[in-house]
Structures are given as structure tokens and as C-alpha cells.
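**Student:** Here the sequence shown is numbered in the working numbering, starting from -14 and rising by one per residue. Ideal placement from N, C-alpha and C gives every residue a C-beta, glycine not left out.
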Amino acid sequence: MDIKNDTTILDSGCGTGQTSAFLAQKYGCKITSIDNNELMIEKAKKRFEVLNLPVQVMVANTESLPFANQSFTIVLSESVIAFTDLAKTLREFKRVLKPSGSLIAVEMVLERPLVAEEIEKVKHFYQLSRILTIEEWLEEFKQAGFQHVTIEKDYPSSTIPSPENTPDFTLSDGIEEDVFMVMEYHKQMHLKFQSYLGYRIFRCS
-14 MDIKNDTTIL
-4 DSGCGTGQTS
6 AFLAQKYGCK
16 ITSIDNNELM
26 IEKAKKRFEV
36 LNLPVQVMVA
46 NTESLPFANQ
56 SFTIVLSESV
66 IAFTDLAKTL
76 REFKRVLKPS
86 GSLIAVEMVL
96 ERPLVAEEIE
106 KVKHFYQLSR
116 ILTIEEWLEE
126 FKQAGFQHVT
136 IEKDYPSSTI
146 PSPENTPDFT
156 LSDGIEEDVF
166 MVMEYHKQMH
176 LKFQSYLGYR
186 IFRCS
């Protein structure tokens, strides 16, 4: 990514703000972080306050973004689009991007066919309406108005966060036992379907 200090980035589905913090510290660029989960936004705010980072953060829905047209140079979306109404979210991303801007999306893909029963298990657990192949993702981007799409399977080494920025699993107080059961089931699902489900980095403009 060609990021400068005047680059404007929308981190959509920011979670606890880890990626936003990494980018703000590394590039000093202007970042707006959104998530539809209020708890995640509170955690992100605390992270930015502790690190003294001027990141704008708010609760927002990707299907109806509260920003003017052509507001951002880059829209970053990590494992978010597949859990939304794809067409609405992609149209909104396209709307808020500057004419020369890019969407960088990290999304789940169906690597090879699964029987219908297994697909339904995955869709039900992750609350997905569809599991898309690479070709289906490309068609969705095209329908949203993106004319150029490149695909990568691995993160470039220059963008991999350092050890202090590895995934954050700080747990909230009062977490129910059911949550840990869900996490364990997720692990089992991952092991079972890891040869069928992968991810890709889509760079769209």
C-alpha cells in the first residue's frame, strides 16, 4: 500500500482497533475506525487513548455509512463484508472512496466444492448467507463498480504487524461459559474445513 501522512483510511469493522493503531503508528495517516459492536468500539477507544493516537472512532453500519461521497483514499475491511449484505456494503465502500482510491478486503473464500449439508453447517455457525468462490467475489466487486481487482493469498511481509501487534484476546469481565464453548467449536470447524475454506486479499479500484 502506498500510504502517506495525508492518506485517509476507513477501517471498517475495526474490532478493538489493532490494525488502525498499527497503521496510525507506522504511517501517521488520518484514520477513521468503525464497527457495529459498541463493546469493540469502547475497546478501540481505550487502545487509541493509551497510545495517544488521533484516530476517529464510531459505531457505524457498513451498509449505510455516515460519510460523504469520496471521503477516503483507502477502505480497509478484514473479514467483514461476507457477514453483511454484500451488494449494499460494496456499493457504500465504492461511494465513499475517492476516484483514485482502493478497497482492500480480506475475505473468506470457498477453495473447493463442499456438499450442501456441510455448507449449511458453516453458514449457520458463522451466520453467513453465502460462501463465495473467488470468481463469485470478483463478480460482486464488478457489480459494485470496481473495475480493477488484484488478488493475493498472503500478506506482504512489510505489512505484517510486529510481535507487539499480534492478535488481541483481552477478555471482558463476566464472559459466559457459552462463549468459550463457541470458541472451541470454531476451532473444531476450522480444523475440519481448513482445506475447503481459505482467504484472499482483494485490492479493488
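What residue does the beta strand (DSSP E) around Thr69 start on, and which one ends it?
**Tutor:** Neither: Thr69 is in no beta strand (DSSP E) and is coded neither H nor E.
**Student:** Comparing alpha-carbon positions, which option in Leu99, Arg115, Phe52 and Phe33 lies nearest Thr69?
**Tutor:** Closest option to Thr69, Cα to Cα, is Arg115.
**Student:** Of the residues Phe178, Val60, Ser49 and Ser5, which one's Cα is nearest the Cα of Lys108?
**Tutor:** Checked all of Phe178, Val60, Ser49 and Ser5; the closest Cα to Lys108 is Phe178.
**Student:** Buried or exposed, going by whether 16 or more other CB atoms sit within 10 Å of the CB of Leu61?
**Tutor:** Per the 10 Å Cβ criterion, buried.
**Student:** Using CA coordinates, which residue listed in Ala67, Asp(-4) and Asn54 is at the minimum distance from Val40?
**Tutor:** Checking every option, the nearest Cα to that of Val40 belongs to Asp(-4).
**Student:** Who pairs with Leu50 in a beta bridge, going by DSSP?
**Tutor:** Note: Leu50 sits in no beta bridge, so no partner.
**Student:** Ala6 by DSSP, collapsed to three states: which one?
**Tutor:** Note: Ala6 maps to helix in three-state DSSP.
**Student:** Since Cys189 and Ala90 should fall inside the 8 Å C-beta cutoff, what is the C-beta to C-beta distance between them, to a whole number of angstroms?
**Tutor:** Correct: roughly 7 Å between the Cβ atoms.
**Student:** Report yes or no: do the stretch 75 to 92 and the stretch 26 to 37 share at least 3 C-beta pairs separated by less than 8 Å?
**Tutor:** Counting Cβ pairs under 8 Å, fewer than three are found: no touch.
**Student:** Among Asn37, Phe33 and Thr74, which residue has its Cα nearest to the Cα of Leu50?
**Tutor:** Residue Thr74 is the option with its Cα nearest to Leu50.
**Student:** Apart from the five residues just before and just after Ala6, which ones in its own chain have a Cβ nearer than 8 Å to its Cβ?
**Tutor:** Arg32, Phe33, Leu36, Leu38, Val40 and Asn150, listed in sequence order.
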